[in-house]
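These protein sequence lines are chains A and B, in that order. Sequential numbering from 1 applies to the first sequence in the working numbering. Sequential numbering from 1001 applies to the second sequence in the working numbering. All residues carry an ideal CB built from backbone N, CA and C; glycine is no exception. It should be emphasised that the depicted structure is a prediction, and the values quoted were computed from it without experimental measurement. Read through the structure below, which is laid out as structure tokens, and then see the notes.
Protein chains: 2
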Amino acid sequence: MARTDERFREAYNAMLDYCETLATGDQLPAEHGLAGHLNVSRTVVRSVLERLGGAGLLHWQGRNKTLLRRPEAGDRLPVQSDPISADELERHFLDWVLRFDVPPGTPLNVTEMARKFGVAPHSLQEFLASLSRFGLVRRRPRGGWELVGFTRDYAIELSDFRMVLELNAVSHLAALPTDHPIWPQLAALEAEHHALAAEIDTRYHDFSLLDERFHAAIGSVVRNRFVTEFQKVITLVFHYHYQWDKKDERERNLAAIDEHLRVITALTDRNESAAVAAARDHLRTSKQTLLSSLRNHALV
Amino acid sequence: MARTDERFREAYNAMLDYCETLATGDQLPAEHGLAGHLNVSRTVVRSVLERLGGAGLLHWQGRNKTLLRRPEAGDRLPVQSDPISADELERHFLDWVLRFDVPPGTPLNVTEMARKFGVAPHSLQEFLASLSRFGLVRRRPRGGWELVGFTRDYAIELSDFRMVLELNAVSHLAALPTDHPIWPQLAALEAEHHALAAEIDTRYHDFSLLDERFHAAIGSVVRNRFVTEFQKVITLVFHYHYQWDKKDERERNLAAIDEHLRVITALTDRNESAAVAAARDHLRTSKQTLLSSLRNHALV
DNA sequence: CAATTGTTTTTAATAATTGTATGCAACCTG
DNA sequence: CAGGTTGCATACAATTATTAAAAACAATTG
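Structure representation (structure tokens):
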């Protein structure tokens, strides 16, 4: 079989559902109507009708579509569960790369990975092609793919790019009107930062998630499809690397909380330049953390 | 044939070249050595040897590889020229979309387009997948692709994103040391702007190219793979739309030259804030031009 | 003549095929 | 018998062929 007949199978089962609402001897509606009802093309409807005829459920000749008997449980066609979505695939892939610390230059085996992630090889191919725009993977000279991965250069350029995007977001944010929903959100975040700082000795590992939410909140004020696309990748990369570097985690996180609070305070005061300066400081620290995390990790 | 045997054909011809350096009766080196010499795998070498045997050029049995006669011109296998590269494909595609003003929502027929651009359908698929990261195309619910295209929203977000990237570049540029190659480059551009302004009545349509070079020069100081990737698209979009809007072209271009010169002057003076302000003004104008060009174009 | 069905064409997803690469074990040969 | 060489087997990705699905068009029926 060239392509899966999953669509046909689902339509067939849906048709059985519909037949159960009828009585033996009833006429089924027109092909077009059924197609609309099942949300498939007429071609599929006709295949379904033919199969129903073969199963002895239906007498079908021209416009005559008489139900011969009510469908039973055994009439249903088995249908396998549908594959995961593109977004899930992306998360899975980045998760795999970052969690297992796949080294740069690793050849990526499309067939094997497709099996591992439970998607068609074709879909994975497509996904890798789209990832190549972020420079995370690239085609090898004579076929196949290879992970470019998180080299030092990549990390630096990603951090720099993040800085550009986020400073812009901070700038925008400072100019937003008082009734914008971001302000209560920031106030809530500020309280959470204070709460975490107070219990830093026991809860310092909770910071990673708070950091993610803080940056997501700031990024959310810029409605731009290009920015959004990048932030997905940036968030994941920083999230994982933050968790890698266990050295001085408590101190680092306490310092970062302070940096966050400086940004929030400046923003609340509508002091744009102070907010931008505070954000720049924080992002510089963050970049250094990322780089040192890469260094330490390379030694393992 | 499942995949092209271009690699085999090239190796075969290269092997003929090599055989011409030998005399009749000579022994050929080991498979592995030939593989290294021809830069292909041993499998290909063995196929080549087999074919040479079939052509009566070689007696091959085990490690006995005796050249029976010198190759002639007629022995060569024809090889077709290789298809265009990914970058060429990108230019072709954007060129097609922008030049023919393909409307948003147009379904993209992979087979047909592959024929038109002279690439394998597979390659085009991959290219579309990578373009989907820029939101220029997207997958349709049940298979196939569709052009999202340059809607008003897209143009606005693209312009905003361009502004973020370019203001950052201007900021960086202002801080570069005196011996950086950008400064003579800027000086040359300044002179060209003055020259064009002096002859604006006859040469006003030359501005589009100068504009492109001006922005490319500014963008070149930021070495960042993510920025570079986007600038390719941005450049093309603005380049074409600039040429669309014929209304008041002379005046618009003259004004833009002035805006460019303001940026250059501020940069030369190392006055960062003035340079950023001038660039912001120019990019705002540019955004308006893009939007009005879309409006006018939609009426055609 | 409007609704419905029959037929054909087109398109995209996937299975199957084939070219290419590579690892391993057997084999020769000095 | 050790080093190199070959034969064989396997793995993988690019492409072709096939098939499911959709859509367009023509014919038919009430």
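My guess is that residue i and residue j are in contact by the Cβ rule of under 8 Å, so how many angstroms apart are they, rounded?
i, j, result
"Phe1150 of chain B", "Leu1254 of chain B", "So it is not a contact: roughly 26 Å between Cβ atoms."
"Ile1234 of chain B", "Arg1162 of chain B", "5 Å"
"Ala1114 of chain B", "Leu1098 of chain B", "In fact, because the Cβ distance is near 20 Å, the residues do not count as touching under 8 Å."
"Ile1084 of chain B", "Gly1118 of chain B", "7 Å"
Determine the chain A residues that contact residue i at a beta-carbon separation under 9 Å, and present them in chain order.
i, result
"Gln1125 of chain B", "His122, Gln125, Glu126 and Ala129"
Look at the Cβ atom of residue i, then the Cβ atom of residue j, and state whether they are nearer than 7 Å.
i, j, result
"Glu166 of chain A", "Asn1224 of chain B", "no"
"Asp1159 of chain B", "Lys1287 of chain B", "For the sequence presented, residue 1159 of chain B should be read as Ser rather than Asp. A contact, by the Cβ cut-off of 7 Å."
"Leu1077 of chain B", "Arg1152 of chain B", "no"
"Ile257 of chain A", "Val221 of chain A", "no"
"Ala1155 of chain B", "Leu1290 of chain B", "yes"
"Leu1067 of chain B", "Asp1026 of chain B", "yes"
"Ala23 of chain A", "Glu1126 of chain B", "no"
"His1260 of chain B", "His1193 of chain B", "yes"
"Arg306 of chain A", "Val148 of chain A", "One cannot answer for residue 306 of chain A here, as it falls past the ends of chain A, which runs 1 to 300."
"Arg133 of chain A", "Arg1091 of chain B", "no"
"Asn1168 of chain B", "Val164 of chain A", "yes"
"Leu1094 of chain B", "Lys1065 of chain B", "no"
Apart from the five residues on each side of it in sequence, which residues of its chain come closer than 6 Å, Cβ to Cβ, to residue i?
i, result
"Leu1049 of chain B", "Trp1060"
"Val300 of chain A", "Residue confidence for Val300 of chain A is low, a pLDDT of 47 falling below 50, so the modelled location carries little weight and cannot support an answer."
"Arg1252 of chain B", "none"
"Val45 of chain A", "Glu31, Leu34 and Ala35"
"Lys116 of chain A", "none"
"Tyr1242 of chain B", "Ser1208"
"Met15 of chain A", "Val48"
"Ser1292 of chain B", "none"
"Ala197 of chain A", "Ile257"
Looking only at its chain, what residues have a beta carbon closer than 8 Å to the beta carbon of residue i, apart from the 5 residues adjacent to it on each side?
i, result
"Glu20 of chain A", "Arg70 and Pro71"
"Ala1217 of chain B", "Ile1182, Gln1185, Leu1186 and Leu1189"
"Asn296 of chain A", "Trp244, Asp245 and Lys247"
"Asp1075 of chain B", "Leu1016, Ala1055 and Leu1057"
"Thr178 of chain A", "none"
Which bits of chain B does residue i rub up against, with CB to CB less than 9 Å?
i, result
"Gly149 of chain A", "Going along chain B, no residue has its Cβ under 9 Å from Gly149 of chain A, so there is no contact; the nearest lies around 13 Å."
"Asn13 of chain A", "Those within 9 Å of Asn13 of chain A in chain B number zero; the least Cβ separation is about 18 Å."
"Asn296 of chain A", "Those within 9 Å of Asn296 of chain A in chain B number zero; the least Cβ separation is about 24 Å."
Hey, out of the options, whose CA is closest to residue i's CA?
i, options, result
"Val102 of chain A", "A:Glu146, A:Gly54, A:His205 and A:Val164", "A:Glu146"
"Ala1188 of chain B", "B:Ser1130, B:Gly1118, B:Gln1231 and B:Thr1268", "B:Thr1268"
"Leu1173 of chain B", "B:His1241, B:Tyr1242, B:Pro1141 and B:Val1263", "B:Val1263"
"Gln1315 of chain B", "B:Gly1219, B:Gly1054 and B:Ala1073", "Residue numbering for chain B in the displayed model covers 1001 to 1300; residue 1315 of chain B lies beyond these limits and cannot be assessed."
"Ala266 of chain A", "A:Val170, A:Phe117 and A:Leu136", "A:Val170"
"Arg3 of chain A", "A:Leu108, A:Ala120 and A:Arg42", "A:Ala120"
"Trp1096 of chain B", "B:Asp1245, B:Leu1236 and B:Arg1270", "B:Leu1236"
"Arg1051 of chain B", "B:Asn1064, B:Thr1043 and B:Tyr1012", "B:Tyr1012"
"Tyr1018 of chain B", "B:Leu1038, B:Tyr1242 and B:Phe1214", "B:Leu1038"
"His1205 of chain B", "B:Thr1111, B:Lys1246, B:Val1227 and B:Arg1142", "B:Lys1246"
"Gln80 of chain A", "A:Gly143, A:Asp5 and A:Ala175", "A:Asp5"
"Asp201 of chain A", "A:Asp248, A:Phe214 and A:Ser85", "A:Asp248"
"Asp1087 of chain B", "B:Glu1272, B:Thr1285, B:Glu1229 and B:Ser1273", "B:Glu1229"
"Ser1041 of chain B", "A:Ala191, A:Arg142, A:Val40 and A:Val110", "A:Arg142"
In its own chain, which residues sit with a C-beta less than 7 Å from the C-beta of residue i, not counting the 5 before and 5 after it?
i, result
"His1239 of chain B", "Ser1208 and Glu1212"
"Ser1047 of chain B", "Phe1008"
"Gly1054 of chain B", "none"
"Gly1144 of chain B", "Pro1107"
"Phe214 of chain A", "Leu189 and His260"
"Leu1131 of chain B", "Val1137"
Which residues of chain A have a Cβ atom closer than 8 Å to the Cβ of residue i, listed in chain order?
i, result
"Phe1226 of chain B", "Phe134, Gly135, Glu157, Leu158, Phe161 and Phe230"
"Asn1109 of chain B", "The premise fails here: Asn1109 of chain B is roughly 17 Å from chain A at the closest Cβ pair, so nothing lies under 8 Å."
List the residues of chain B whose Cβ lies closer than 7 Å to the Cβ of residue i, in chain order.
i, result
"Asn271 of chain A", "Those do not exist, as Asn271 of chain A stays about 17 Å from chain B at its closest Cβ, beyond 7 Å."
"Asn168 of chain A", "Val1164"
Quick one: which chain A residues come within Cβ less than 7 Å of residue i?
i, result
"Asn1039 of chain B", "Result: empty, since nearest Cβ-Cβ is about 10 Å, beyond 7 Å."
"Val1276 of chain B", "Near Val1276 of chain B there are no residues of chain A at all, since even the closest Cβ is about 12 Å away, more than 7 Å."
Would the beta-carbon of residue i be found less than 6 Å away from any heavy atom of the ligand PLP?
i, result
"Ala120 of chain A", "With respect to small molecules bound, the structure shown includes none, and the ligand PLP cannot be examined in it."
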